[in-house]
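To keep things clear, I will list the structure first and then write my remarks on it.
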Amino acid sequence: MKNRIFVFVLSAFFSLWLIGCGQKGAATPQDTLVRFANAFNARDAEAIYNLTSSDVIKEAGRRLAQLKSSEEIYKKTFCEDNQIPIEKLDSLTTKEFFIANMKLRFRNMDKQSEYAGKKIVVNFEIFFASIGTEKAVIKARDYSGAEVILPFTKENGIWKLDFDPTTMR
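Mapped onto the numbering used here, the consecutive letters of the sequence shown carry residue numbers 41 to 209.
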């Protein structure tokens, strides 16, 4: 009997070890959505960046290039809003730009939380998922009860957000 228990416990630990040592990315779009909500609630902009598709990151790079070539008033406003010294704007990377925008979104949500008297947390109630081999769509209700349609794409076997979490578009 003790041998069976030992084998069972050993098997359980081995299974957990295999799961833990496996792919670090999300196995399903639903997993990615849960990781996104957890990262958002932890205010972890870098984790959200890592969950975001390369196409969305490229679009952030285009927006950064557009900002860098815009009039000074737009540059100044962006830098003030995002607490970035204006002299750093020319050397700002796409990742830094994305993370700065995510942090601004966090600050704005935290201000809304202060007005509401409670912390706003992001969570989703999934009521529909359409999952293909490379693309997926999840329909869910967000923390406010609004229905949202969230696209996902698979990159190198890992499901990524295919919407801009800095704008939720």
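Glycine is no exception: its CB is placed at the ideal position from the N, C-alpha and C atoms.
*Counting Cβ pairs, one atom from each stretch, are 3 or more of them under 8 Å apart for the region 77-91 and the region 118-131?*
no
*Start-end ranges of the beta strand (DSSP E) lying completely within the region 91-178, minimum 3 residues*: 165-171
*For D204 and E99, believed in contact at Cβ under 8 Å, the rounded distance*: For the purposes of this step, residue 99 is taken as the residue at position 59 of the sequence shown. For the purposes of this step, residue 204 is taken as the residue at position 164 of the sequence shown. About 7 Å; that satisfies the 8 Å criterion.
*Nearest CA to the CA of A186: which residue from E195, F167, I113?*
Taking the first residue of the sequence shown as 1, we reach residue 186 at position 146. Nearest C-alpha to A186: F167.
_Nearest to T173 (by Cα), restricted to the options S184, K179, I198, I189_ = Within the sequence shown, the letter at position 133 stands for residue 173. Selected option, being the one with the closest Cα: I198.
*Give the secondary structure of R31 by DSSP, where H, G and I count as helix, E and B as strand, and everything else as coil.*
Residue 31 lies beyond the range of the chain shown here (41 to 209); nothing can be said about it.
*asked:* Quick test of the definition: if touching needs 3 or more C-beta pairs under 8 Å, does the region 125-136 touch the region 151-159?
replied: no
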